[in-house]
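S.K.: Got a structure for you, written out below as C-alpha cells; questions coming shortly.
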Amino acid sequence: MRAALLLATSLLTAVPAAAQTTIGAIIPLSGASATQGEDQRRGIEIAVEEVNAAGGVLGKPLKVIVEDSGGRPPSALDAAKKLVAVDKVPAVIGEYSSGITLPMAQYLMQEGKIHINAGSSSNKVRQIGPTSFSVIGLEAVSSRFSAVDALAMGWKKVVVIGPNNAYGHGMSEGFKEEFEKIGGSVASTLLYTEGQTSYRRELQQAAQFKPDAFIYSAYGKDAALINRESFELSVNRTPWYAIYFTMCTADSKPEFVTGQYGMDLNFIGANGKGYEEAYRKKYGMGFKTSFSGYGYDAVKVFAAAANKAGSAEPEAVKAALMEVGKSYEGATGTIAFDADRQRMLQPYLKLRRGAEGMEQR
Amino acid sequence: MVQFLVDLLLRAGDIALVAVALSAGYSLVKFPNIAIVQYATIGPFLAYLIARSGIPFALAVAAACLFVGVLAVALNLLVFERLLKSGSAIAMIGSLAVGMLFTATLLVTAGPDTRHFDFAITALFDVFGSNVTLTQMISLAMSLTAFILLALLLFCTDIGRCMRATAANPNLARATGIDARLVVRVIIFLSGMLAALGGTGIAIKSELNILLGPDLMLPVFAAAILGGLGNPIGAIFGALVISFAETLAAAINFGPLVGQSFLFIPVNYIAAASFLILVVALLFRPYGLFVNEVKRV
Amino acid sequence: MFEFSLHVATIAALYGLLALSLNLQTGFAGLVNFGQIALFGCGTYGAALAFNNQFGPVVGLLLGLVLVSLVALFFARLGRSLGSDYWGIATLAIGQILLTIATNETWLTGGAQGISGLPQLFTGSTRLQGHLILFSVTLALLAATWWLFHRLTQSKFGLSLRLMREEPQFAASLGYDLDGLRRSAMLVAAVPAALSGFLFAHYMTFVGPDQLFSTETFVVWTMVVIGGLGSHAGVVVGAILTQMLFAAVPFAKDFFALPSEYVAAMRLTLIGGGLLGFLLLRPQGLIPEKVGSIRG
Chain A
435 MRAALLLATS
445 LLTAVPAAAQ
455 TTIGAIIPLS
465 GASATQGEDQ
475 RRGIEIAVEE
485 VNAAGGVLGK
495 PLKVIVEDSG
505 GRPPSALDAA
515 KKLVAVDKVP
525 AVIGEYSSGI
535 TLPMAQYLMQ
545 EGKIHINAGS
555 SSNKVRQIGP
565 TSFSVIGLEA
575 VSSRFSAVDA
585 LAMGWKKVVV
595 IGPNNAYGHG
605 MSEGFKEEFE
615 KIGGSVASTL
625 LYTEGQTSYR
635 RELQQAAQFK
645 PDAFIYSAYG
655 KDAALINRES
665 FELSVNRTPW
675 YAIYFTMCTA
685 DSKPEFVTGQ
695 YGMDLNFIGA
705 NGKGYEEAYR
715 KKYGMGFKTS
725 FSGYGYDAVK
735 VFAAAANKAG
745 SAEPEAVKAA
755 LMEVGKSYEG
765 ATGTIAFDAD
775 RQRMLQPYLK
785 LRRGAEGMEQ
795 R
Chain V
723 MVQFLVDLLL
733 RAGDIALVAV
743 ALSAGYSLVK
753 FPNIAIVQYA
763 TIGPFLAYLI
773 ARSGIPFALA
783 VAAACLFVGV
793 LAVALNLLVF
803 ERLLKSGSAI
813 AMIGSLAVGM
823 LFTATLLVTA
833 GPDTRHFDFA
843 ITALFDVFGS
853 NVTLTQMISL
863 AMSLTAFILL
873 ALLLFCTDIG
883 RCMRATAANP
893 NLARATGIDA
903 RLVVRVIIFL
913 SGMLAALGGT
923 GIAIKSELNI
933 LLGPDLMLPV
943 FAAAILGGLG
953 NPIGAIFGAL
963 VISFAETLAA
973 AINFGPLVGQ
983 SFLFIPVNYI
993 AAASFLILVV
1003 ALLFRPYGLF
1013 VNEVKRV
Chain E
-18 MFEFSLHVAT
-8 IAALYGLLAL
2 SLNLQTGFAG
12 LVNFGQIALF
22 GCGTYGAALA
32 FNNQFGPVVG
42 LLLGLVLVSL
52 VALFFARLGR
62 SLGSDYWGIA
72 TLAIGQILLT
82 IATNETWLTG
92 GAQGISGLPQ
102 LFTGSTRLQG
112 HLILFSVTLA
122 LLAATWWLFH
132 RLTQSKFGLS
142 LRLMREEPQF
152 AASLGYDLDG
162 LRRSAMLVAA
172 VPAALSGFLF
182 AHYMTFVGPD
192 QLFSTETFVV
202 WTMVVIGGLG
212 SHAGVVVGAI
222 LTQMLFAAVP
232 FAKDFFALPS
242 EYVAAMRLTL
252 IGGGLLGFLL
262 LRPQGLIPEK
272 VGSIRG
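Chain order of the listed sequences is A, V and E.
For the first sequence, this note's numbering assigns the number 435 to the initial residue and increments by one for each residue that follows.
For the second sequence, this note's numbering assigns the number 723 to the initial residue and increments by one for each residue that follows.
For the third sequence, this note's numbering assigns the number -18 to the initial residue and increments by one for each residue that follows.
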C-alpha cells in the first residue's frame, strides 16, 4: 500500500521536463479503429524523428505524448483533460472517429488549446471553433473529387458501399450529394455492420441493382473481406472504385483487387515520395492506411508554425498556423487552410490497380 | 434459393462452433465465459504461427487447438473456479478481464494488422449456381466433423454419459461415483478446442485479425442463449436460427409488393434482425428453443 | 491538476449513479441487466433530441425520463417469463437494437455522426465555476439516490425484492405481485441512469451512438462487481475506484516511459490485470452485502 501511495504521489508530482517542447496526441490504438490509429501513430513517430533531426522545435527536442482513446469517448476526454491540465501541452492532435473528435476538440477549444484534426472527415468538424485546424480534407473535398472522377469514367448509376459508422455515413452521404448534383444517380447505399464474418449477403444484394460501378470505402479486415468475397462471388466483374485506395486495399491479396479503380492522397508528390520512403524504411511495408500521412503532417505543421512564431503558446501558434497554412507542402500534398481553418484543397491521385501494383490513370 | 441456403450455412458455420463451445462450458461451469471468444482469436493466430514454421496446415491447427484446450483448463483451474465461488457475475467480469489481457498480449505480439492464411486461390465450385470456395468448404467440413464427433462423444461413449449426468445433477453424479472434477476438465478442454477450431474456420476463409473473437461475441451469445445455455447441440440450432433471420433480412426484396423494382431492408439493420428474432423467440420460448425447464427471473 | 481531478470526480459520480441503478436491479431484485447502457442512452438522447428540436434542457430531461420509463417497463415485461441469464441477453439485444436505430435514423438522432453542440448546463462566472456547480449537483444527486435506495431497500419493498431474487416461487406463493415488484424496481432504478445520461450529454456537449456500445455496460458491471453486488456504498466506491484506475493509466504509462506502440497494450494490461488481481484477492467485492441487515 505504501509503495502504491509513493508511486501515486511521484506520478502526480511528475512535471513535464522543460527541456523539450511537448504536445499531445489522442488516437485509437486499441478497439475497432486500431489499424488507423496505429498508422496515425507511425506518421507521428516519423515526423517527430525528422523534426528532432532538424533541430527540434524552438531549439528544444519535440515530444509527442501519445494517448490511447480505446475508441471510447470518455477515455478520450480523460486523456485530453490529462494532457491539458497536467502535461500542460499547447496542442493536441486527434482523434480518428468524429464521435470522439468533436467532444474532445470542443473541450480543447474551450481551454484555448490548439486542436489539429488528423483523421475525422465529418463536415461538423468545421464548426468546432477558432483553435481547431484540420490537415485532412473534410468530406466535401474528397466527395467532390471522387464524384467528378466517377462520372468521368462514364458511370451513371452506382451503388455506394461503406461501413455503418460516422465515417461511412459521412462518406456515402457526401458522395451521393455531389454525384447527383452533376447528374449521376446512386441506386442504393449499403452501410455494412463492421466485424462480420462474411459480407456475401450484402454483396449479392448490391449486385442485384446492376450498377455501372460500385463506389466503396472500407478499411481493416472488413475491407479485406469485402474485396475477397466480391472476387469470389464474381461481383468484381462490375468495376469497383475505391475512395482512399491504399486504405481500402492495404490488407487485401493483390489478386482480389487487381483491376479496381480509385483515388487516393498524393503520396508521390515531392514531399509525399520522401515520406513514403521513410515509412517503408522504418516499417518495412507500404502505407497501411491513408491516415499515417495526416498524423505526419499534423506534427510537421505544428513544428513549422511554432518555429515561425518563436513560441509554443497556443495564441502565437494559432496565428502562425494561419500564416504557414497559406501554402504548406506536406506529405499529403499542399495544405492550405480556408477561413474556417479547414484544409480546403487536397490533391488526389487517380489510380488503377494493375497486375504490378498501383498505376496512375 | 440455393444461394440463400449457402449463405445461411456459411454464416451458421461461423458462429456455431464457438457458440457450442460457450454452451458446453456453461453446462458444467455455470457462468457465461466471455474469454471464450478470445480462445477463438488465439487458436487461429497460433495455427498461423505454427504453420509458418513449415508444419503442415492440418497438424498446425490440431496443435493450436490442443494448446488452447490446455490453456482453457489452466485458466479454469487458476482463475474461474476460484472466482465462481463468489458468484457467476464475479466470474463473468473476471473472464472479461482475462479477455483484456489476451487482447493486450495479441496487440504486442501480433499487432492490429490483418493477415491471411496463404492458401492458393483455387477455382470456385459452382454449387447449383452459387459460388463457393475451397476454403469455405473446408471450413464448413471442419465444423460438421467437429459437431458429429461431439455428438458421438456426448451420446455414445461412457465419458459423454458422465458429462451429461454431471451437467444435469452434479451431486447425484458424484454420488454414483463419477469423478466430477475430471469431467469438468474434459469438457472445458473440449470447449477450448472447439472455440479455437471455430476461430480457425473463420480465419482460413476470410481474414485473421485480433478483433476476430471480440466481433463474434454478440452473435455467439445470442446463438447459445437461443439454443438454451448449457445445451451444446441446441447452440447449433440457435446459430442456424440467427443466420436464417440475418440472411432472410438481406435477401427479401419487397420491391414488387410496392411496385418498385427494389426495396430491401437496409443492410445496416441486418445485425439488428438477429437480435430482434432473439427477443421475439425468447418471448415465446423463455428458456431457449430446446429447454423444457420452467423457472422465472 | 485540480481541474483534472474535478473531471475524474464528475465522471466517477456519473458512473456512481449508473452503478447504483444497476445494483438495485441486479443486487437486490436479481435482474441481471446487460442492457444498462440503453437506460443511460435514454438520458443522453433525451437531451440531444430536445436540443436538436430547439427545446431547452428541461424538456430534454423530461423526454429522457419518458423514454427511460418506456424502456424500463418493456424490460420488466420481458422479465415476466424469462430466466435471469436469458433476460440478461434479451436486455443486451434490446440495447443493440436501440443502438442500431440511433446509428441509422439520421433524420431523428443525427445518425452515426451524432448531435453536437449541446450547451453546458451551468455557466458560472468562469468555466471552472460552472464545472464546480455541475459536480456539486451530480454529487448531490448521487447522495440523494444513495439515501433513497438505502431507505427503499431497508423497507418492506426491499425485503420483497430480495425474496423475489432468492425464492421467486415462494414469494409468489406468499401472494407477492412479482410483476408489480419487477416493474417498480425497474422504474425506480431507471431514473438515476437516465439522469446520469442527461448530465453526461450536457457535460460532453456531444451525443452519439459511440457512447452506447455494449462494452460500456460491462464497465458499469465491473464497478458494481468490484464494489460488492448488493451494497450501495460498495458500488459507489467501486465506481470511484474504477474511474480512478482508468484515469491513472495514462500517468502510469508516462511513468514507465514505454514507447508509444505499447500504449494500448499497457492500458489494457493495467485495467485487465488490475481487475483480475482485485477479483482474485477480494472476490466478494470491497463491501460485501450484509446478510440479514434489514431492520424493517
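Glycine included, each C-beta is placed from N, C-alpha and C at the ideal position.
Below 8 Å on the Cβ atoms is my contact criterion, and I expect E757 of chain A with P524 of chain A to pass it. Report the Cβ-Cβ distance as a whole number of Å.
M.R.: That pair is no contact at about 17 Å.
S.K.: Are the stretch 712 to 729 of chain A and the stretch 535 to 555 of chain A touching by the rule of at least three beta carbon pairs closer than 8 Å?
M.R.: Yes, they touch.
S.K.: Report yes or no: do the stretch 60 to 75 of chain E and the stretch 996 to 1009 of chain V share at least 3 C-beta pairs separated by less than 8 Å?
M.R.: Taking 8 Å as the limit for Cβ pairs, the verdict is that the stretch 996 to 1009 of chain V does touch the stretch 60 to 75 of chain E.
S.K.: For I534 of chain A, return the contacting residues in chain E, with the cut-off set at a CB-CB distance below 7 Å.
M.R.: Near I534 of chain A (Cβ distances below 7 Å), the residues of chain E are D191.
S.K.: Could you pull out every residue in the same chain whose Cβ sits closer than 7 Å to the Cβ of L239 of chain E, ignoring the five residues on either side in sequence?
M.R.: Contacts found: M247.
S.K.: Alpha carbons only, please: which of E:L142, E:A153 and E:A29 is nearest the one belonging to L180 of chain E?
M.R.: For L180 of chain E, the nearest C-alpha among the options comes from E:A29.
S.K.: Between the Cα of L109 of chain E and those of A:N557, A:K515, A:A740 and A:V593, spot the shortest distance and give me the residue it belongs to.
M.R.: Among A:N557, A:K515, A:A740 and A:V593, the Cα nearest to that of L109 of chain E is on A:K515.
S.K.: Sorted by chain position, which residues of the same chain lie with C-beta nearer than 7 Å to S865 of chain V's C-beta, five sequence neighbours on each side aside?
M.R.: G735, A738, L739 and G923, listed in sequence order.
S.K.: Quick one: what does DSSP say A488 of chain A is sitting in, helix, strand or coil?
M.R.: Here A488 of chain A sits in coil by DSSP.
S.K.: Is it buried or exposed for D698 of chain A, if we count other Cβ within 10 angstroms and need 16 for buried?
M.R.: So D698 of chain A ends up on the buried side.
S.K.: What is the DSSP secondary structure of L180 of chain E, reduced to helix, strand or coil?
M.R.: If DSSP states are grouped into helix, strand and coil, L180 of chain E belongs with the helices.
S.K.: With a Cβ-Cβ cutoff of 8 Å, do G211 of chain E and L267 of chain E count as a contact?
M.R.: It is not a contact, given that the beta carbons lie outside the stated cut-off.
S.K.: Helix, strand or coil: how does DSSP classify F690 of chain A here?
M.R.: In this structure, F690 of chain A counts as helix in the three-state DSSP scheme.
S.K.: So with CB distances below 8 Å, who are the chain A contacts of L115 of chain E?
M.R.: None at all; the shortest Cβ gap to chain A is about 14 Å.
S.K.: Determine the direct distance from the alpha carbon of A657 of chain A to that of G921 of chain V, and round the result to whole angstroms.
M.R.: Approximately 19 Å, taken between the alpha carbons.
S.K.: For chain V, is any of its Cβ atoms less than 8 Å away from the one on A466 of chain A?
M.R.: Interface residue, yes.
S.K.: For N990 of chain V, go through chain E and note every residue whose CB falls closer than 8 Å to its CB, in chain order.
M.R.: T81, T84 and N85, listed in chain order.
S.K.: Going by the DSSP bridge assignment, what does M697 of chain A pair with across the sheet?
M.R.: Paired residue(s): A:I677 and A:K784.
S.K.: Have a look at the DSSP bridge pairing and note the partners of K494 of chain A.
M.R.: In the DSSP output, where bridge partners are listed per residue, K494 of chain A has A:V491.
S.K.: Mind listing the chain E neighbours of L998 of chain V? Cutoff is C-beta to C-beta under 8 Å, in chain order.
M.R.: Under the 8 Å cutoff, chain E gives A74 and I78.
S.K.: Going by other Cβ atoms of all chains shown within 10 Å of its Cβ, with 16 needed for buried, is R276 of chain E buried or exposed?
M.R.: Low per-residue confidence applies at R276 of chain E: pLDDT is 43, beneath 50, and the placement is therefore not dependable, though the value from the model is reported in the following sentence. Answer is exposed; the Cβ neighbour count stays below 16.
S.K.: With the cut-off set at 8 Å, would you say A647 of chain A and G618 of chain A are in Cβ contact?
M.R.: No. Outside cutoff.
S.K.: With H, G and I counted as helix, E and B as strand and the rest as coil, what does DSSP make of T631 of chain A?
M.R.: The answer is coil: DSSP assigns T631 of chain A none of H, G, I, E or B.
S.K.: Compare the C-alpha of T627 of chain A against each of A:N598, A:P537 and A:V592 and name the closest.
M.R.: The shortest C-alpha separation from T627 of chain A is found at A:N598.
S.K.: If the criterion is Cβ atoms closer than 8 Å, does the pair T683 of chain A and N661 of chain A meet it?
M.R.: Yes. Within cutoff.
S.K.: Would you say E529 of chain A reaches chain V, if we count a Cβ-Cβ gap shorter than 8 Å as a contact?
M.R.: Cβ-Cβ to chain V under 8 Å: no for E529 of chain A.
S.K.: When you compare each of V:F824, V:A917, V:G977 and V:N990 to L1025 of chain V by their alpha carbons, which one comes out closest?
M.R.: The requested residue 1025 of chain V is not part of the displayed model; chain V covers only 723 to 1019.
S.K.: Kindly confirm or deny that the stretch 600 to 615 of chain A and the stretch 526 to 539 of chain A touch, where touching means at least three C-beta pairs closer than 8 Å.
M.R.: With the cut-off at 8 Å, the stretch 600 to 615 of chain A and the stretch 526 to 539 of chain A touch.
S.K.: May I ask you to list, following chain order, the residues of the stretch 641 to 660 of chain A that have a beta carbon less than 8 Å from some beta carbon of chain C?
M.R.: In the structure shown, chain C cannot be found, because the protein chains are A, V and E.
S.K.: Decide yes or no for the touch test of the stretch 212 to 222 of chain E against the stretch 535 to 546 of chain A: beta carbon pairs closer than 8 Å, at least 3 of them.
M.R.: No: the two stretches stay apart, fewer than three of their Cβ pairs being nearer than 8 Å.
S.K.: Quickly, what does DSSP pair N551 of chain A with across the bridge? List them, please.
M.R.: N551 of chain A pairs with A:S568.
S.K.: Does any residue of chain V bring its CB to less than 8 Å from the CB of D66 of chain E?
M.R.: At least one chain V Cβ lies under 8 Å of D66 of chain E.
S.K.: Going by beta-carbon coordinates alone, are I677 of chain A and S568 of chain A separated by less than 8 Å?
M.R.: In this structure, S568 of chain A does not lie closer than 8 Å to I677 of chain A by Cβ.
S.K.: Return the bridge partner residues of E501 of chain A from the DSSP annotation.
M.R.: In the DSSP output, where bridge partners are listed per residue, E501 of chain A has A:I460.
S.K.: Taking Cβ positions only, does E636 of chain A come closer than 8 Å to chain V?
M.R.: Yes - at least one Cβ of chain V is within 8 Å of the one on E636 of chain A.
S.K.: Taking the CB atoms as reference points, tell me whether I987 of chain V and E968 of chain V lie closer together than 8 Å.
M.R.: Their beta carbons are not under 8 Å apart, which means I987 of chain V does not touch E968 of chain V by this criterion.
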